[in-house]
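Worksheet: the structure to be examined is printed underneath.
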Amino acid sequence: MKVYNTLTKKKEEFIPLEEGKVKMYVCGPTVYNFIHIGNARPMIVFDTARRYMEYKGYEVNFVSNFTDVDDKIIKKAVEENVSAQDISQRYIAECKKDMEMMNVKPATTHPLATEEIGGMVEMIQTLIDKGYAYEVNGTVYFRTRKFGPYGKLSHKNLDDLRSGNRSLLVTGEDEKEDPLDFVLWKPKKEGEPSWKSPWSDGRPGWHIECSVMSKKYLGEQIDIHAGGEDLIFPHHENEIAQSEACNDKEFAKYWLHNGFLNIDNKKMSKSLGNFFTVREISEKYDLQVLRFFMLSAHYRSPLNFSAELMEASKNSLSRIVTAADNLKHLSCSAKEGAMTEEETARFAQTEEFVKKFEEAMDDDFNTADAVSAVFELVKYLNTHTKAEDTKEYLEKCLERLKTLCNILGLIIEKEEELLDADIEALIEERQQARKAKNFARADEIRNTLLEKGIMLEDTREGVKWKRA
Ligand code: AMP
Ligand code: ZN
1149 MKVYNTLTKK KEEFIPLEEG KVKMYVCGPT VYNFIHIGNA RPMIVFDTAR
1199 RYMEYKGYEV NFVSNFTDVD DKIIKKAVEE NVSAQDISQR YIAECKKDME
1249 MMNVKPATTH PLATEEIGGM VEMIQTLIDK GYAYEVNGTV YFRTRKFGPY
1299 GKLSHKNLDD LRSGNRSLLV TGEDEKEDPL DFVLWKPKKE GEPSWKSPWS
1349 DGRPGWHIEC SVMSKKYLGE QIDIHAGGED LIFPHHENEI AQSEACNDKE
1399 FAKYWLHNGF LNIDNKKMSK SLGNFFTVRE ISEKYDLQVL RFFMLSAHYR
1449 SPLNFSAELM EASKNSLSRI VTAADNLKHL SCSAKEGAMT EEETARFAQT
1499 EEFVKKFEEA MDDDFNTADA VSAVFELVKY LNTHTKAEDT KEYLEKCLER
1549 LKTLCNILGL IIEKEEELLD ADIEALIEER QQARKAKNFA RADEIRNTLL
1599 EKGIMLEDTR EGVKWKRA
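Here it is in structure tokens:
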């Protein structure tokens, strides 16, 4: 398996630190609003990378944080007159709902910055003790020039940075020894959430959060660190400086960055206001369509969002779903018995598409080509299955298609529709539950039915129901 490493600007063979295991950290969102579909791109593409590595037999320890302390969260809390924690918890819960709808697996661990402050204070202290950081008036800065390899990820030269980046000198930070130095800890302002530290009551800088959470949950050295390409500089560059200065070890071996999701060929971002939230898109489309759309491009390429491309994705996805549905129907009424020799040979030909799929994914997770291999398989299955085939053959064909789609995180089975008899049986059970004063169960049944689009109405003549 090859991956493109931003650090070396090359595709490299992936060799894990520990055989059979992958330690992977993906920078998560700052939670002050619903996530937009640009934020969804790293979630979907790195979830797919994870699924593929799991398919290859790796045990993947996947950590992705929520940045739950930040100026934007505090601003929103002030606007709504609630606490910063109310805001972050609300949007973490909403983000998790979006992730589930996009079929993004929960991380092994989703750490919260605010629950890891102790580790941050400790790492900052180590950096001060080693001469890599200094305190001025309650603020702690990282001494960038002291870390020799600074710039190795973004391939920036310190002197160019110095001359080209006067803007690095933010107002109020003129106490820095050098404009390139960045904040590790800052004192609180009136009304802001804060934590005790040896330097001031305050809060950590953004970069130190990821260095600490990665170390705590994955160890001092990890295999893959990932995020959107806007994080290369300064966020990931600063993470490297902090972690390597503190631990004296190479922090991450492979740095993977996704390209941007654009709209009208402009970067989609909250600050430009040209974004759609995942939730908005979910009102128009099944989020499987969004997932398919994201995977139809290589993760490092820029991707332009448009209604046309979403419609095309919807149609393409439904071709796969239809193929799966046909196979299921055929197999329901197919004859029992073992696969014939001729069927075994026919099935063996599907290996070719699996091979193509794997070759594409082995080439830096080329999901665009992997999706093409799935379509070749669909075409083959559509023309090489019939009512006379054995159940075993048809089921194996369906299983093969499902396996590949599952790696991409695409759910291709239609939800089973409830039969009238099943609905009535559930309604009867609900009546019994109510009689027995088991209202929890009665509500549960009502909700289950509602999720499947069945509405109940309690009338004098009894319970009536209808499909939404
Ligand atoms: P943020 O909440 O801004 O820290 O972003 C969370 C993640 O989403 C980071 O990995 C960003 O790089 C990524 N991201 C933000 N906007 C976009 C976009 N338009 N396209 C792709 N990735 C994005
Ligand atoms: Zn990060």
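If you count the sequence shown from 1, you need to add 1148 to reach the numbering used here.
Built from N, CA and C at the ideal position, the CB exists for glycine as well.
Since the structure is predicted, the reported quantities are computational estimates derived from the model, not experimental observations.
Asked, Found
"Distance cut-off 8 Å: S1236 Cβ against heavy atoms of ligand 1", "no"
"Helix, strand or coil at E1248 according to DSSP, with G and I counted as helix", "helix"
"Alpha carbon of K1363 to alpha carbon of F1290, nearest angstrom", "18 Å"
"A1445 classed as buried or exposed, judged by whether at least 16 other C-beta atoms fall within 10 angstroms", "buried"
"Pair within 9 Å by beta-carbon distance, H1355 and L1328", "no"
"C1175 Cβ short of 8 Å to ligand 2 heavy atom set", "yes"
"Distance CB(N1554)-CB(R1189) smaller than 9 Å", "no"
"Under 9 Å between C-beta atoms of L1671 and M1250", "Lying before the first or after the last residue shown, residue 1671 is absent from the chain, which here runs from 1149 to 1616."
"Cβ-heavy atom distance, F1408 to ligand 1, below 8 Å", "yes"
"Residues that DSSP places opposite I1411 in a beta bridge", "K1414 and F1453"
"7 Å CB neighbourhood of F1281 in its chain, flanking five on each side removed", "The sequence given here places Ala at residue 1281; Phe does not occur at that position. Cβ neighbours of A1281 beyond the five flanking positions: I1272, L1275, V1288, Y1289, F1290, R1291 and L1332."
"Three-way DSSP call (helix, strand, coil) for G1186 in this model", "helix"
"Backbone secondary structure at P1382 - three-state DSSP", "helix"
"Bridge partners - W1333, DSSP secondary structure assignment", "V1288 and P1352"
"Ligand 2 heavy atom lying under 8 Å from the CB of C1358", "yes"
"Runs of beta strand (DSSP E) wholly within the region 1467 to 1531 (minimum 3 residues, chain order)", "none"
"C-alpha gap between P1450 and V1193, whole angstroms", "13 Å"
"Alpha-carbon spacing of G1205 relative to V1170, whole angstroms", "10 Å"
"Assigned exposure category for K1324 - 16 Cβ within 10 Å defines buried", "buried"
"S1212, DSSP secondary structure in three states", "strand"
"Simplified DSSP state of L1443, which is helix, strand or coil", "helix"
"For M1172, the first and last residue of its enclosing beta strand (DSSP E)", "K1169 to V1174"
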